[in-house]
Structures are given as C-alpha cells and as structure tokens.
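This report concerns only the one structure given below.
In structure tokens form, the structure reads like this:
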C-alpha cells in the first residue's frame, strides 16, 4: 500500500514537471490566469518541489488595477496606461503615486495635462520610449504669464528627457538698467502689471542673473529646444520672434513605468503553507483517477490560455505602428533592388563608429558620429532619438533620399532599423555644414565666389528635387545647418526627415502641423490665409538662407535702429535692394559686387509673402546664372512686424491647429 502511494505521488510530480517544461511561457504570460480551487481534502503538494501548498485560496493574479484599454483624447489616438481621461469611471492608479497627475482633459482638440499646478498642452505621446512633448498653456500666446511659476516637475511622475538636450531660458520681469541703450534681448508684455516695464530673457538659470547693469524683481525659467537656445545665446533685435516660437514649440518629458504595470505579482501564500513535510499532508493518498482529472483539467486550461495569448500577441504585433513601418522599409529595399542603401544591425553601427567615440555634432533629432566602413570609407552616422511614435521622420528620410541621385544631394550609404534603434549612414563631409562659415561667430569665412557657387549648387539640388524625380520631393527644412560641404566646398542638401513626397500632377497634399525651422519657415505653413503649402515653401526657405549667405544678418546686427522698428527683411530691403536700384540706374555696379547683389535680389524674390509670386527653382537657377541687369527689382514683402505678431501670428497658429488641413503640393 505504501509503495502504491509513492508510485502515485511520483507520477503526479513527473506529470507536473513535464507540464512546466513543455509550457514555460504560461508562467510569464501577461494574461490574468486563475486556477479553480481544489477541495480541502485534495491539498496536493510537495514542499521540496512547489515551496508551498496549493490550497483553495491559491491563484495567479495581476496586481495593477488599470486595464490597458486605449482611448482618444483631442488629436492624439491610442492613449493608454498610465494616462486616463477626465470623467473616466475607472481611473488608473500607481502604488504610492497620486494618479491624478496622469489625468488628461479632453475638452478641445489639444489634450491638457496639469503638472505642479500648471496646465500644459500635450502635443505628442510615445509609449515605446515613455516620452511626451508638452507646451506651457500660459506661455502659448505671450511670454508674460499672469502668475509666475517656474517649470518644475513632480519627480514621482515626470522628468526632463536627457537625450533632447533642452536648455532653460530665464524670463526676467520689471527690470531696471544703468545703460540707456535698449538691450537686444528685450521683450514686451501686451498687458498686465509689466506692460510698461523692461523685461529681458537669457539662456541659463536665474542664478547667473540677467546681465551686467540689469536688476529685476521677478523671473521664471522654461525649457526650450537646443536649436532655439543656441540662437538665443547671441540675441539680436529680432530674437523675440525666436523666443515666442520656441515657447510654443514646447519640450520633452519622460515618465517611469512602474513594475506592477509590466508583470504579475507573486501568488499569495496559502493558509496551508507551513513547515510540514510531505508525509503530513493527509491520512490517505488521493485516488489516481482524481489526479488524472486534475492534471487533464490543468493541461486543457494551459493549452487554451496559450492559444489565446499567442493570438492576442500576434494581433497586437500586426496592429502596431512599427509593424507597418517594417513593411515600409522592406518595400523600399525591394523597389531599389541592388541600388538600395545597405541595412545595418545596431551592433554593426556601434562597430563602425567605435562605440560612438567621435561625435561630430548634435541636432534636434539626434547626434552625428564619425565612422569608418570595413572598406576604409569615412562616413557620418546620424543616430536618431526616436521621439515620434511611428518613426515617420526616419521613413521619410530613407524613402526620400533613396529616390535621388544628384551631385548636390547627400548620398545615403546605409541605415539601421533595429527595433527602436534608428541610424542613417551618409558619406562623410570634411567641411561639415554651411552654418559654420556664414555665422558672425564662425571661425572661417568664405569669399564671395564660393558663397555664390554654394547658393547656385543648392538651387540646382532643389530644382532636381522639385522637377527631376518621378516623385516630387518637398524638403521643408532648408537651412544652413542642412547644407553639407565636401572637400571642394560642393554643397549637398541633407536631412530629409521632414520631407513630403507627392506626384507631380497631384494638387492636394494632406498635412498636419507645422514643418521646418524657426526663421526659415514660409508663412503659408502657419496660416492658409497666405496660400497653400507647396514646393514654393522650399523656395521661401532657400531665399532666407541666401540672404543670410549674402550678409543680410550682419547688416541687421550692426544697425543702430531701435529693435521695435527693426524687422529683418524690411531693413535689408532698404539697405540693399533700394541701393541696387539706384546704382543700376546710374550704371555704378562694380563687377566684384555683381554676384552678391544678385543673391540679394534672388533672395527677395524667393521670400515673397504670396507663394504664387515666388519663382520656381528653375527660374532661380536661371536668374543666378544670368546677368544682374536681367533680374527685375522684387517688390517689398509685406510680412507682419513684431508688434502685430502677437495678435495675427498666434491666431494663425491656433487656427492651424484646429483641424487637419488639405494643402496643395
């Protein structure tokens, strides 16, 4: 009888062990699983194997209380834990944390989030990287809040995103200055207690102070993107426009996912768990038939839950944005065959860059490192910070450059799309980017001949993008930082992350949100009152860049005119275009100034406010290669001045954010 008892028990243990070997994924399944309780006289266990008895109360369960059911809020879809909508009957909760910090208010098109008594507009939420982009609501229309609160985060909820390299800008109010000159970093409040006071801004924290000779009674700090911060470090009278746009652009935060939301909690101990041995479990062994029934039932439940788990996991994989993006990458590789850029693994990227040891630069979308391929070819590797949830900028860049082949377009040698790792491998440009040579603080300046050739090369590159491909490519981010220079200073257009593709005959392009860099964005991108967004938006950005190359910004920076009256295009038009007109009439233009003045004229044609008044890039190339006398004098652009910007420009932005607009391509 005793031998029969041990034989039955050994058979049960062997069956259970085989079950745990054949179905290991059941233990780590995300599904909530519960076992039917056994009868009290069937408390079967061996402490050496199980660690505790399986009693009536024992079951597996999931500890966190928030089901990951997605919801939509404003313009953002598929929002889930830890966020929840105001008015929800089952709000999310985290152990030891006030779940109200993740509550979204969904009354308008833009979700609102309250952090440390401040309201923020939520622009982007990325659940792959636990990041979100927010904008302070009280600074959307003006840099002058009604209540002075610093931008601080609850450390239990949110933290600043280190990879974004955001910097603080401090806003000082009610200041007094010992200098009678108006500082270039001044800004005005349209209303409130500080309407008639001196107010200034400065990159850095409040401890450094507003500057020599200036004392202020109030200050707040706000994070802004690194690109805007670099522009504001050396302020000019027009920097107030960059400040306002930077505050509207917002900054990135991250949140820490609690462990309870990721894995099930341990099963509770049974009331029968104690120091007994297997010999104390009952007066008689259970019948063999009962053991077989229990094992069969458990096996059946395990198989059912495995099928449900695998089906659910496959469906989530097919519905995930990354699955669709992987298909897009495969389509690009198939379309280009042997000419497609090479695909690298992330481990290969680390090897090429020697573990990212030689950093060339930092941008808004990631860092650029110097590398070397196995064949000895030098390359520049751009490693992207995955801010957008579906990798749209990355796909745009690969798809756009893969369609091009031109001497003035950067050559994409390869890319990495390895889970959430993104990288682009370009040909190495020893002279880096154009902005290093045309800024007032640049270490090296180029002569007029080289600047003219660079402007002409960029124009030919844009002409190719707009008319030379089967698919028209609109770049949307033409600026000096995106013009790379090879060893012979031949310009190469780069960074196609914001590009849009459309057929040449296509007249309507659906687009959400503004694209581009502050200072180079065409007015129609912010307000459709100026016209539809098209390839002429690239023409505007090119015109602003050419004016800067010709020295327009230096003319403004050396002017002594008051900042409230100094608007970039207005001042250049008075200083240069009218002077060109007088000298053309008197035939006094010197040959050495011929090309520079052509750049000024072409630049002003390109920045005409109405898109239809701007020339095509083919016409721009024709004007640059032709004579100065053949270029007509452009009319003065009627862009709004800084005083009107707070009213007209912000209202245009608000109107733009209301709905998805259909715009011409």
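Residue numbers (the UniProt record's numbering): 1 to 665.
Don't be surprised by glycine CBs; every beta carbon is placed ideally from N, CA and C.
Quick caveat, the model's predicted, so the values are computed rather than measured.
Proximity test, residue i beta-carbon vs the ligand ATP heavy atom, cut-off 8 angstroms
| i | result |
| --- | --- |
| residue 464 | Judged by which ligands are present, the structure shown has none, so any question about the ligand ATP falls away. |
Euclidean distance between Cα positions of residue i and residue j
| i | j | result |
| --- | --- | --- |
| residue 411 | residue 427 | 6 angstroms |
| residue 534 | residue 475 | 10 angstroms |
| residue 289 | residue 299 | 15 angstroms |
| residue 527 | residue 611 | 12 angstroms |
| residue 389 | residue 182 | Bear in mind that the predicted position of residue 389 carries a pLDDT of just 49, short of 50, making it unreliable; the figure below should be weighed with that in mind. If you take the alpha carbons of residue 389 and residue 182, they lie about 44 angstroms apart. |
| residue 146 | residue 537 | 36 angstroms |
| residue 228 | residue 309 | 47 angstroms |
| residue 223 | residue 354 | 32 angstroms |
| residue 434 | residue 140 | 32 angstroms |
| residue 73 | residue 119 | 16 angstroms |
| residue 153 | residue 159 | 6 angstroms |
| residue 109 | residue 250 | 17 angstroms |
| residue 628 | residue 597 | 8 angstroms |
| residue 76 | residue 292 | 52 angstroms |
| residue 409 | residue 402 | 11 angstroms |
| residue 395 | residue 194 | 47 angstroms |
| residue 519 | residue 248 | 14 angstroms |
| residue 244 | residue 303 | 60 angstroms |
| residue 367 | residue 176 | 41 angstroms |
| residue 379 | residue 552 | 34 angstroms |
| residue 521 | residue 343 | 33 angstroms |
| residue 624 | residue 162 | 44 angstroms |
| residue 81 | residue 307 | 25 angstroms |
| residue 698 | residue 375 | Residue 698 lies beyond the stretch modelled for the chain, which goes from 1 to 665, so this question has no answer here. |
| residue 132 | residue 138 | 18 angstroms |
| residue 180 | residue 148 | 27 angstroms |
| residue 360 | residue 399 | 25 angstroms |
| residue 211 | residue 236 | 15 angstroms |
| residue 351 | residue 385 | 19 angstroms |
| residue 517 | residue 497 | 12 angstroms |
| residue 486 | residue 406 | 14 angstroms |
| residue 365 | residue 499 | 14 angstroms |
| residue 467 | residue 484 | 22 angstroms |
| residue 294 | residue 314 | 30 angstroms |
Best match in the options for proximity to residue i [C-alpha to C-alpha]
| i | options | result |
| --- | --- | --- |
| residue 382 | 453, 616, 376 and 362 | 362 |
| residue 600 | 469, 123 and 632 | 632 |
| residue 448 | 548, 250 and 623 | 548 |
| residue 423 | 369, 453 and 376 | 369 |
| residue 220 | 291, 209 and 226 | 209 |
| residue 217 | 490, 430, 200 and 453 | 200 |
| residue 463 | 531, 493, 480 and 450 | 493 |
| residue 482 | 502, 524, 446 and 431 | 431 |
| residue 164 | 155, 69 and 226 | 226 |
| residue 453 | 211, 253 and 621 | 621 |
| residue 246 | 305, 178, 196 and 134 | 134 |
| residue 155 | 436, 255, 312 and 215 | 255 |
| residue 634 | 626, 357 and 613 | 613 |
Span of the beta strand (DSSP E) around residue i
| i | result |
| --- | --- |
| residue 254 | 251-254 |
| residue 72 | 71-73 |
| residue 139 | Unbroken run through residue 139: none, as it is neither H nor E. |
| residue 112 | 112-115 |
| residue 175 | 167-177 |
| residue 202 | 198-203 |
| residue 126 | 118-126 |
| residue 104 | 103-105 |
| residue 81 | No beta strand (DSSP E) contains residue 81, which DSSP labels as neither H nor E. |
Limits of the alpha helix (DSSP H) - the one that residue i falls within
| i | result |
| --- | --- |
| residue 410 | Run containing residue 410: none; DSSP gives neither H nor E here. |
| residue 214 | Careful: residue 214 lies outside any alpha helix (DSSP H), inside the beta strand (DSSP E) at 214-224. |
| residue 598 | 594-606 |
| residue 539 | 536-549 |
| residue 623 | 617-625 |
Contact between the segment 235-246 and the segment 111-125 is defined here as three or more beta-carbon pairs at a separation below 8 angstroms; is this criterion met? With a cut-off of 8 angstroms, the segment 111-125 and the segment 235-246 do not count as touching, because too few Cβ pairs lie within range.
Between the segment 413-429 and the segment 448-468, do at least 3 Cβ pairs fall closer than 8 angstroms? No, because fewer than three Cβ pairs between the segment 413-429 and the segment 448-468 fall closer than 8 angstroms, the two stretches do not touch.
Per the contact definition of three or more C-beta pairs closer than 8 angstroms, is the segment 163-175 in contact with the segment 220-239? Between the segment 220-239 and the segment 163-175, the count of Cβ pairs shorter than 8 angstroms is three or higher; the stretches touch.
Jot down the residue ranges of each uninterrupted alpha helix (DSSP H) in the segment 337-408, minimum 4 residues, whole runs only, in chain order. Every alpha helix (DSSP H) stretch that sits fully inside the segment 337-408 and reaches 4 residues is listed by chain position as 346-352 and 392-402.
Within the chosen definition, does the segment 601-611 reach the segment 537-547 through at least 3 CB pairs nearer than 8 angstroms? They touch, by the three-pair rule.
Below 8 angstroms, how does it come out for the segment 178-197 and the segment 116-130: are there three or more Cβ pairs, yes or no? Per the Cβ contact rule, the segment 178-197 is not in contact with the segment 116-130 (fewer than 3 Cβ pairs under 8 angstroms).
Where in the segment 414-460 do unbroken runs of the alpha helix (DSSP H), each at least 4 residues long, occur, reported from the N-terminal end onward? Complete alpha helix (DSSP H) runs here, min 4: 435-438.
Okay, do the segment 101-109 and the segment 70-85 touch, 3+ Cβ pairs below 8 angstroms being the bar? Contact check between the segment 101-109 and the segment 70-85: three or more CB pairs, one atom from each, fall below 8 angstroms, which counts as touching.
What beta strand (DSSP E) runs, 3 residues minimum, are completely inside the segment 462-497? You should have 471-474, 483-485 and 491-493.
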